[in-house]
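What follows is a short report on a single structure.
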Amino acid sequence: MLATLSISKEYHHKTTTNNAYNLGDNMSDDPNNNNHLIRTDSKVGKLVKGKLLRYARRRRLLCKNGMYLAIDKNGVHGTKDPNNPYAEIQVLSIGSDMLALWGTRAGLYLAVDTESGKIYTTSEEGKHCVFIETFTKDFNNIFESYKSVYDNQAKYIALNSQNKLAMTDHNEAKPDRNGKFIWELVDK
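Residue numbers (our numbering): 1369 to 1556.
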């Protein structure tokens, strides 16, 4: 699923030096890497996804344009139905302001290929699944790809008018309503 990418320097409140957002040496883009997203010390060892999901927050992600983000086996898209089971997302905290979005029903992570701007779903954990959450002045959230911020190319996700999740890549001072989201609790 192709996407567009946009720079949001105004809302990017952290510096993007080479040391910013360092996820540690145990993170790799290699899908065969057995290390998981959360950093662990040697006493704890690697975390198992099932155990991690027990502590995840179950939410729906509502775009300011009225669409819910939905992750299914065919990818990611928008839906107007808040009861769509694919709109239920587990939010995994990775670090300060960093998170991963995991589709509960599909069992897949939301991921970004920052080279091509493609947004896709995957079962493999890695840096491509990590997003930086930033709050706007009007209390909405924007989500920037960890890799794009780390590469000093702050790009955020948006849910466009074709109900497709997109990366935006134009020199916009701030995200428009398609790039702003709010969390909704899931009753279960």
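Don't be surprised by glycine CBs; every beta carbon is placed ideally from N, CA and C. Computed from a prediction, not measured in an experiment: that's the story for all the values here.
TODO: For the alpha helix (DSSP H) holding tyrosine 1488, just list the boundary residues, first then last.
DONE: By 1-based counting over the sequence shown, the position of residue 1488 is 120. Where tyrosine 1488 is concerned, there is no enclosing alpha helix (DSSP H), although the beta strand (DSSP E) it sits in stretches over 1486-1490.
Task: Expected contact under 8 angstroms - CB spacing of alanine 1474 and isoleucine 1439 to nearest Å - done: Looking up residue 1474 in the sequence shown gives position 106. Looking up residue 1439 in the sequence shown gives position 71. With 8 angstroms as the limit, alanine 1474 and isoleucine 1439 qualify as a contact, their Cβ atoms being about 5 angstroms apart.
Task: C-alpha gap between leucine 1553 and leucine 1437, whole angstroms - done: Mapped onto the sequence shown, residue 1553 falls at position 185. Mapped onto the sequence shown, residue 1437 falls at position 69. Their backbone Cα atoms lie some 14 angstroms apart in a straight line.
Open item on the list: DSSP three-state label for lysine 1532, please.
Closed with: Position 164 of the sequence shown, counted from the start, is the residue given in the question as residue 1532. In the structure shown, lysine 1532 sits in a strand (DSSP, three-state: E or B).
TODO: Would you kindly work out how many angstroms separate the C-alpha atoms of proline 1543 and arginine 1425, rounded to a whole number?
DONE: Along the sequence shown, one-based indexing puts residue 1543 at 175. Along the sequence shown, one-based indexing puts residue 1425 at 57. So the two alpha carbons sit approximately 25 angstroms from each other.
Open item on the list: For glutamate 1456 and serine 1464, I'd like the C-alpha separation in whole angstroms.
Closed with: Walking along the sequence shown from the start, residue 1456 turns up at place 88. Walking along the sequence shown from the start, residue 1464 turns up at place 96. Each residue's Cα considered, the two are about 23 angstroms apart.
Open item on the list: Quick check: the Cα distance between methionine 1466 and lysine 1515, rounded to an integer number of angstroms?
Closed with: Numbered from 1 along the sequence shown, position 98 holds the residue referred to as residue 1466. Numbered from 1 along the sequence shown, position 147 holds the residue referred to as residue 1515. Looking at the two C-alpha atoms, the distance is approximately 11 angstroms.
Task: Member of Gly1547, Asn1528 and Ile1550 whose CA lies at the smallest distance from the CA of glycine 1343 - done: The structure shown does not extend to residue 1343, since the chain is modelled only from 1369 to 1556, so the question has no answer here.
Open item on the list: Between the alpha carbons of aspartate 1619 and glutamate 1501, how many angstroms are there, rounded?
Closed with: The structure shown does not extend to residue 1619, since the chain spans only 1369 to 1556, so no value can be given for it.
Open item on the list: I need the DSSP call for serine 1464, collapsed to helix, strand or coil.
Closed with: Position 96 of the sequence shown, counting from 1, holds the residue named residue 1464. Coil at serine 1464, not helix or strand.
Task: Segment limits, alpha helix (DSSP H) that includes valine 1517 - done: Position 149 of the sequence shown holds residue 1517. Valine 1517 -> alpha helix (DSSP H) spans 1514-1518.
Task: tryptophan 1551 to alanine 1522 span [Cα, whole Å] - done: Translated into positions along the sequence shown, residue 1551 becomes position 183. Translated into positions along the sequence shown, residue 1522 becomes position 154. For tryptophan 1551 and alanine 1522, the distance between alpha carbons rounds to 22 angstroms.
TODO: Using the Cα positions of glycine 1434 and serine 1491, report the straight-line distance between them to the nearest angstrom.
DONE: As a working mapping, residue 1434 is identified with position 66 in the sequence shown. As a working mapping, residue 1491 is identified with position 123 in the sequence shown. If I take the Cα positions, the gap works out to 28 angstroms.
TODO: Just mark glutamine 1458 as buried or exposed, buried being the case when its beta carbon has 16 or more other beta carbons within 10 Å.
DONE: Within the sequence shown, the letter at position 90 stands for residue 1458. Counting Cβ neighbours within 10 Å, glutamine 1458 comes out buried, since at least 16 surround it.
TODO: Determine the direct distance from the alpha carbon of valine 1444 to that of asparagine 1531, and round the result to whole angstroms.
DONE: Taking the sequence shown and counting its residues from 1, one reaches residue 1531 at position 163. Taking the sequence shown and counting its residues from 1, one reaches residue 1444 at position 76. Computed Cα separation, rounded: 9 angstroms.
Open item on the list: Give me, in chain order, the residues of the same chain whose beta-carbon lies closer than 6 angstroms to that of cysteine 1431; leave out the 5 immediate sequence neighbours on both sides.
Closed with: Walking along the sequence shown from the start, residue 1431 turns up at place 63. So the qualifying residues of the chain are Leu1527 and Phe1549.
TODO: Answer with buried or exposed for phenylalanine 1507, where buried requires no fewer than 16 other C-beta atoms within 10 angstroms of its C-beta.
DONE: Numbered from its first residue, the sequence shown carries residue 1507 at position 139. By the 10 Å Cβ count, phenylalanine 1507 comes out exposed.
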